[in-house]
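Going by this note's numbering, the sequence shown opens with residue 243, and the numbers climb by one from there.
Cβ atoms here follow ideal geometry from the backbone N, Cα and C, with glycine treated the same way.
Structure record follows, encoded as structure tokens.
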Amino acid sequence: MDVLTLCLVLLGAIAIGLPIAYALLLSSIVFIFAFDHGLSMGLLAHTLTTANDSFPILAVPFFILAGLIMGRGGISQRLFAVATAWVGHIKGGIGVAAVLTAMFFSAISGSGPATVAAVGGIMIPEMVKYGYSKTFAAALIAAAGTMGVVLPPSIPLVIFGVITGTSIGDLFLAAIIPGLIMGALLIIWVVTHARRHGIEGTPKHSLRERFGSLNQAKGALALPVIILGGIYGGIFTPTEAAVVAVVFGTALSTLLYRELTLRTLFHTIVNAATTSSALMVIVASAAVFALLLTIADAPTYAIDALTSVSTNPVIIMLIITLFMLLLGAFMETIAAVTITAPILVPVMAEIGMDPIQIGVVLIMLLALGFISPPLGANLFVAAKTAGTTSEKTFVAVLPGFALLTGACLLVAFIPALTMTFIS
Numbered sequence: 243m244d245v246l247t248l249c250l251v252l253l254g255a256i257a258i259g260l261p262i263a264y265a266l267l268l269s270s271i272v273f274i275f276a277f278d279h280g281l282s283m284g285l286l287a288h289t290l291t292t293a294n295d296s297f298p299i300l301a302v303p304f305f306i307l308a309g310l311i312m313g314r315g316g317i318s319q320r321l322f323a324v325a326t327a328w329v330g331h332i333k334g335g336i337g338v339a340a341v342l343t344a345m346f347f348s349a350i351s352g353s354g355p356a357t358v359a360a361v362g363g364i365m366i367p368e369m370v371k372y373g374y375s376k377t378f379a380a381a382l383i384a385a386a387g388t389m390g391v392v393l394p395p396s397i398p399l400v401i402f403g404v405i406t407g408t409s410i411g412d413l414f415l416a417a418i419i420p421g422l423i424m425g426a427l428l429i430i431w432v433v434t435h436a437r438r439h440g441i442e443g444t445p446k447h448s449l450r451e452r453f454g455s456l457n458q459a460k461g462a463l464a465l466p467v468i469i470l471g472g473i474y475g476g477i478f479t480p481t482e483a484a485v486v487a488v489v490f491g492t493a494l495s496t497l498l499y500r501e502l503t504l505r506t507l508f509h510t511i512v513n514a515a516t517t518s519s520a521l522m523v524i525v526a527s528a529a530v531f532a533l534l535l536t537i538a539d540a541p542t543y544a545i546d547a548l549t550s551v552s553t554n555p556v557i558i559m560l561i562i563t564l565f566m567l568l569l570g571a572f573m574e575t576i577a578a579v580t581i582t583a584p585i586l587v588p589v590m591a592e593i594g595m596d597p598i599q600i601g602v603v604l605i606m607l608l609a610l611g612f613i614s615p616p617l618g619a620n621l622f623v624a625a626k627t628a629g630t631t632s633e634k635t636f637v638a639v640l641p642g643f644a645l646l647t648g649a650c651l652l653v654a655f656i657p658a659l660t661m662t663f664i665s
């Protein structure tokens with residue numbers, strides 16, 4: 243009864259338009275006063291202040307800042323130039339180049355909407371120029387942006403690692419193959435679309451032009467290698483890697499590419515601080531809510547509820563998949579991760595899944611919320627950039643949504659896709 247009340251108050255608060263952080267706090271306060279669990283407001287205050295008091299979570303604001311710097315510093319343009327030079331000439335090549343650029347930028351930014359915002363303004367006009375409709379171009383970029391929260395350095399994976407005590411480095415490593423699968427499926431989608439609609443590629447570039455594009459973008463191409471190589475090589479932690487990304491990205495954008503002025507850098511830092519503050523408030527509020535769910539024994543209720551429906555691991559996984567897809571459509575990803583991780587990790591462990599695999603699968607499922615109404619941040623950003631409506635973009639993105647859902651199920655049912663590189 244207490245778990246149900248807690249969730250109903252949260253849903254009611256969201257339904258009347260209360261921001262997610264305040265909705266989480268309101269439902270937590272109602273729970274503390276309504277049920278006799280021996281709790282006080284001191285617990286709420288303590289959890290709010292300690293939720294973000296963690297060295298690993300310090301990576302979040304720095305990765306946000308790094309993504310914004312790279313989005314404004316000319317890095318996305320150079321990545322797109324490389325992709326176009328090498329694959330643009332094939333049928334549908336501009337679309338393939340767009341996916342590859344989004345994939346590479348995702349390995350820098352760690353954010354879905356940031357990826358869409360950074361690459362959409364460049365790639366959508368180019369796709370339209372070569373024959374794609376505005377709606378399809380927006381749909382493809384929105385779908386490609388989901389890789390931003392899956393491929394390392396993923397901000398939601400950092401949050402999951404902090405909450406569950408799972409190695410963030412291992413989570414990053416485990417997410418590489420799933421992220422590449424997502425990219426491969428989107429490439430298949432765009433090539434199929436191009437063949438069906440007779441969309442040609444760009445004129446073929448010479449080898450000199452191809453290697454010239456690599457030379458122009460060598461700094462941008464080196465960045466994810468430095469970040470991820472440093473983490474996996476044991477040179478620095480994910481938090482230190484985030485700081486390195488900021489320093490390297492700033493040097494690249496200001497000194498080498500000369501596209502980021504001190505004035506723009508200042509506004510970028512302010513923007514990153516504002517975004518990070520909002521996320522940290524959500525994390526703190528969700529941490530309180532998640533703690534109360536644990537106190538109310540929600541994990542046990544969840545296990546009992548699922549096993550009462552079926553003891554078949556496949557059926558249980560399909561139910562969890564549907565639940566996470568719905569949750570991702572209605573709740574901000576960071577809040578959803580913070581709330582569901584303590585509950586679903588024990589449930590999914592019951593059917594034999596490793597916490598690392600669980601983390602990647604949950605983030606992949608929640609990532610689809612970026613292309614699902616009513617929130618659908620990627621949809622809104624891409625549609626606005628393309629000059630079309632989010633409704634039309636959602637209809638156009640449905641094939642991509644289906645393919646990415648299939649990728650989630652593959653990763654859920656084939657542990658080797660996440661655990662191959664984990665010692």
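Which residues in the same chain as residue i place their Cβ atom closer than 7 angstroms to its Cβ, once the five residues preceding and following it in sequence are excluded?
| i | result |
| --- | --- |
| L610 | T388, L567, G570, F643, L646, T647 |
| V623 | P355, V358, A359, G362 |
| P298 | V400, G403, V404, I410, P480, T481 |
| A325 | A339, L342, T343 |
| M283 | I274 |
| A578 | L569, G570, L608 |
| A459 | R320, L321, A323, V324 |
| S270 | L286, V530, F531, L534 |
For residue i versus residue j, is the C-beta spacing smaller than 8 angstroms?
| i | j | result |
| --- | --- | --- |
| I306 | A464 | no |
| I576 | P398 | yes |
| A265 | A255 | yes |
| M661 | I598 | yes |
| V525 | I311 | no |
| G411 | I473 | yes |
| T580 | A529 | yes |
| G313 | A356 | yes |
| I405 | P541 | no |
| T630 | L621 | no |
| A638 | L427 | no |
| K333 | A436 | yes |
| L548 | L248 | no |
| P395 | I511 | no |
| D596 | P657 | yes |
| H331 | G443 | yes |
| I613 | V391 | no |
| A591 | A308 | no |
| G601 | L413 | yes |
| A417 | L456 | no |
| G315 | L564 | no |
Quick one: grab the DSSP three-state call for residue i.
| i | result |
| --- | --- |
| K446 | coil |
| A384 | helix |
| V653 | helix |
| V639 | helix |
| D412 | helix |
| E592 | helix |
| F346 | helix |
| I477 | coil |
| S455 | helix |
| S518 | helix |
| P541 | helix |
| P395 | coil |
| G354 | helix |
| M627 | Just to set this straight, residue 627 is Thr in the shown sequence, not Met. Helix at T627. |
| T662 | coil |
| I258 | coil |
| L281 | coil |
| L617 | coil |
| G491 | helix |
| S552 | coil |
| G407 | coil |
| K371 | helix |
Starting from residue i, trace the alpha helix (DSSP H) in both directions and tell me its first and last residue.
| i | result |
| --- | --- |
| A263 | 262 to 276 |
| I562 | 555 to 572 |
| H439 | 418 to 439 |
| S296 | Where S296 is concerned, there is no enclosing alpha helix (DSSP H), given that its DSSP letter is neither H nor E. |
| R500 | Careful: R500 lies outside any alpha helix (DSSP H) and carries neither H nor E. |
| F322 | 317 to 329 |
| L604 | 597 to 609 |
For residue i, which residues in the same chain have their Cβ closer than 6 angstroms to its Cβ, ignoring the five residues on either side in sequence?
| i | result |
| --- | --- |
| F663 | L415 |
| V329 | G335, V338, A339 |
| T492 | I311 |
| L300 | T481 |
| T517 | I306 |
Give every residue of the same chain whose Cβ lies closer than 8 angstroms to the Cβ of residue i, excluding the five residues on either side of it in the sequence, and list them in chain order.
| i | result |
| --- | --- |
| E574 | I262, I524, L617 |
| L659 | I419, P420, I423, L652, V653 |
### Query
Is it true that the region 348 to 356 meets the region 442 to 456, where meeting means three or more beta-carbon pairs spaced less than 8 angstroms apart?
The answer is no - the region 442 to 456 does not touch the region 348 to 356, with fewer than three Cβ pairs under 8 angstroms.
### Task
Check whether the region 333 to 343 touches the region 431 to 444, taking contact to mean three or more Cβ pairs, one atom from each stretch, closer than 8 angstroms.
With a cut-off of 8 angstroms on Cβ pairs, the region 333 to 343 is in contact with the region 431 to 444, counting three or more such pairs.
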